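Colleague: The structure under discussion is supplied below as structure tokens; questions concerning it will follow.
Now the structure itself:
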């Protein structure tokens, strides 16, 4: 469904015109994953292969799980929309493409927009048999699990929850309703539900870390069987990296707060204090599991970057921002 172009959204599209392609990309239903990117999408900004994976580039060659570089080992970037590259001006400007340029090794973009850690694992597990030569898998993740856990929807390991869960449940209930129930609702209306409060942040952090632990345990089984190096990288956000906001970023943040005040309030809730508790527990968990841990926020905080425009919103990055993230990752691989 196309977005209603409000005054604020039109202004956003003027400042970051590439975002119109991300709005248009859309998704398709996929078994077990729930949703994935539209396959064979073509534009000057974002392009997907026959399965819906975004192309990365390696020495001017387009690379994806269905378009491998002959006789080369590949590394893999998984995660949500930040790893996918929402906000990048082109496929060349994604984190995976920057990593390929830095390391001189092809990197596959196997990220999924709005994916939890469970969906990230399921996607890789479904396709890894088609990828014969793999080296390192970097999970640039963390925000989606925490965002989902702080909502009032049911969320518990081993599955957690997923974005659009309410829409999916409502749709499935509508399809499976008996005629009697539909008639009853038509006559008497639908009972009004009492809005639920957001979860306590300490509980949300506990749930998000528990789900991540389960996912990493599954990743470890594949890594051991295939001899892969696993790296868990806590993804950066504007709230967590502590950098000075660029004027264009400040303008965008203001517009986005007016476009979706509820989302803005939630993002404000997941603040620096929340991040520090979350980071500490994730780092401890990775140490216990023997998985390498990188806090990209910490790496970015050390850069003097006030003159650079990194963000298209508080969790997604321009090509310049993606380059800084890739640099931070490459220093620790």
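Numbering (the numbering used here), first residue to last: 345 to 677. Cβ coordinates follow ideal geometry from the N, Cα and C atoms, glycine included. The structure presented is a predicted model; accordingly, all values stated were derived computationally and were not measured.
#1: List the residues that DSSP assigns as beta-bridge partners of residue 592.
#2: Between the Cα of residue 611 and the Cα atoms of 663, 542, 461, which residue gives the shortest distance?
#3: Is the beta carbon of residue 418 sitting closer than 7 Å to the one on residue 478?
#4: So the beta strand (DSSP E) residue 379 belongs to, where does it begin and stop?
#5: Output the distance between the C-alpha atoms of residue 408 and residue 453, rounded to the nearest integer angstrom.
#6: Can you check the segment 378-458 for any beta strand (DSSP E) of at least 3 residues that lies completely inside it and give the ranges in chain order?
#7: Of the choices 426, 462, 600, whose alpha-carbon is the least far from that of residue 354?
#8: What span of residues does the beta strand (DSSP E) with residue 480 cover, start to end?
#9: How is residue 356 classed by DSSP in three states: helix, strand or coil?
#10: Could you give the residue range of the alpha helix (DSSP H) that holds residue 564?
#11: Taking 6 Å as the cut-off, does the CB of residue 578 come closer than this to any heavy atom belonging to the ligand FAD?
#12: Can you tell me whether DSSP reads residue 615 as helix, strand or coil?
#13: So what does DSSP say about residue 577, is it helix, strand or coil?
#14: For residue 664, does the three-state DSSP call read helix, strand or coil?
#15: Does the distance from the CB of residue 576 to the CB of residue 637 come in under 7 Å?
#16: List the DSSP bridge partners of residue 637.
#17: Going by the DSSP bridge assignment, what does residue 374 pair with across the sheet?
#18: Shortest alpha-carbon distance to residue 608 belongs to which of 385, 491, 480?
#19: Closer than 7 Å by C-beta to residue 603: which residues in its own chain qualify, once you throw out the five before and the five after it? Chain order, please.
#20: Between the alpha carbons of residue 456 and residue 651, how many angstroms are there, rounded?
#21: If I'm right that residue 438 touches residue 666 with Cβ under 8 Å, what's the distance once you round it to whole angstroms?
#22: So residue 485 packs on residue 461, CB below 8 Å; how close in whole Å?
Modeller: In brief:
#1: Residue 592 is not bridged to any residue.
#2: Looking at the Cα atoms, 542 is the closest of the given residues.
#3: yes
#4: 378-381
#5: 7 Å
#6: DSSP runs (the beta strand (DSSP E)) wholly in the segment 378-458: 378-381, 400-402, 405-407, 418-423, 451-453.
#7: 600
#8: 478-485
#9: helix
#10: 545-570
#11: Of the ligands one can find in the structure shown there are none, so the ligand FAD has no counterpart to examine.
#12: Look at residue 615 here: in three-state DSSP terms it is coil, with no helix or strand label.
#13: strand
#14: helix
#15: yes
#16: 576
#17: 378
#18: 491
#19: 350, 352, 353
#20: 30 Å
#21: 6 Å
#22: 6 Å
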